[in-house]
Amino acid sequence: MAKLTVRAMASADSPIYKRPLTIGVIKAVGGALKNPDLVYDHDRERGELTFLCTVEWSWSRYHERIEAYYVGFTETEYELWSRYNEESSGEDAWCCCVIADRTQMDLHKAASKLLRWLWTQERAESSIGVFDMVSEERLLDENDVIEIGQLVWPE
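Residue numbers for the sequence shown follow the numbering used here, so the first one is 213 and each next one is one higher.
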């Protein structure tokens, strides 16, 4: 059984929106993912996952994409998971998006690199642009996520 902590969306008066934005050096510099693979596996068994962040793309009042990202690992692999709302059913859906060989890299660095790798692949395959906001943070804070976004979608 998967161990999972679900947090509600941040309210408008949440401290995440009151902090000043500071852009620094991304914490995940150094080292590389080994053998990353885009899998988009909806049926993969979830182990224990660590919540990274939630980001939102808002194209209009009626069309948006909200994804929460999680990282997990097995004895041999890192996994990047996405939780999102399945529009056809209205239910939360899970997808293992990326796997990579597990190395000695710490979890924060691995999570940053997995998310950057995923978004780089999505940028190459679609017209999706940079997200509009980071609505929740945990292992990756708002600045981490914004820095990854700036690396993937430079202006």
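Note that CB positions come from ideal geometry on N, CA and C, so glycine has one too.
* Asked: Quick one: what does DSSP say residue 360 is sitting in, helix, strand or coil?
  -> The count along the sequence shown starts at 1 and reaches residue 360 at position 148. Three-state result, residue 360: helix.
* Within the same chain, show all residues whose beta-carbon is closer than 8 Å to that of residue 306, passing over the 5 residues directly before and after it, in chain order. => For this step, residue 306 is matched to residue 94 along the sequence shown. So the list reads 254, 258, 293, 294 and 295, once near-sequence residues are dropped.
* Asked: Using DSSP with H/G/I as helix, E/B as strand and the rest coil, what is residue 271?
  -> The residue labelled residue 271 in the question sits at position 59 within the sequence shown. Note: residue 271 maps to coil in three-state DSSP.
* To do: Return the Cβ separation of residue 351 and residue 264 in integer angstroms, given the expectation that the two are a contact with Cβ distance under 8 Å.
  => Counting from one through the sequence shown, the residue named residue 351 turns up at place 139. Counting from one through the sequence shown, the residue named residue 264 turns up at place 52. The Cβ separation is near 5 Å, so the contact holds.
* Asked: Since residue 311 sits in a beta bridge, which residues does DSSP pair it with?
  -> On the sequence shown, position 99 is the one that residue 311 refers to. Paired residues: 249 and 291.
* Sequence-distant residues of its chain with Cβ nearer than 6 Å to residue 262 (five each side left out) -> Taking the first residue of the sequence shown as position 1, residue 262 is located at position 50. Cβ neighbours of residue 262 beyond the five flanking positions: 283 and 351.
* I think residue 323 touches residue 247, with their Cβ atoms under 8 Å apart; what is that distance to the nearest whole Å? -> On the sequence shown, position 111 is the one that residue 323 refers to. On the sequence shown, position 35 is the one that residue 247 refers to. The Cβ separation is near 17 Å, so there is no contact.
* Backbone secondary structure at residue 235 - three-state DSSP -> Along the sequence shown, read from residue 1 onward, the residue named residue 235 stands at position 23. A caution first: residue 235 carries a pLDDT of 43, below 50, which makes its placement in the model too unreliable to give a value.
* To do: For residue 348, count neighbouring Cβ atoms within 10 angstroms of its own Cβ and tell me buried if that reaches 16, exposed if not.
  => Reading the sequence shown from its first residue, position 136 is the one you call residue 348. Residue 348 comes out buried.
* Who are the Cβ neighbours of residue 304 in its own chain at under 8 Å, not counting the five residues just before and after it? -> For the purposes of this step, residue 304 is taken as residue 92 along the sequence shown, with counting starting at 1. Cβ neighbours of residue 304 beyond the five flanking positions: 295, 296, 297 and 298.
* Asked: With a CB to CB cut of under 7 Å and the five nearest residues on each side skipped, what residues in its chain are close to residue 334?
  -> Within the sequence shown, residue 334 is the residue found at index 122, counting from 1. Excluding positions up to five away in sequence, the list reads 340.
* Asked: Who are the Cβ neighbours of residue 336 in its own chain at under 7 Å, not counting the five residues just before and after it?
  -> In the sequence shown, residue 336 corresponds to position 124, counting from 1. Hits under 7 Å: none found.
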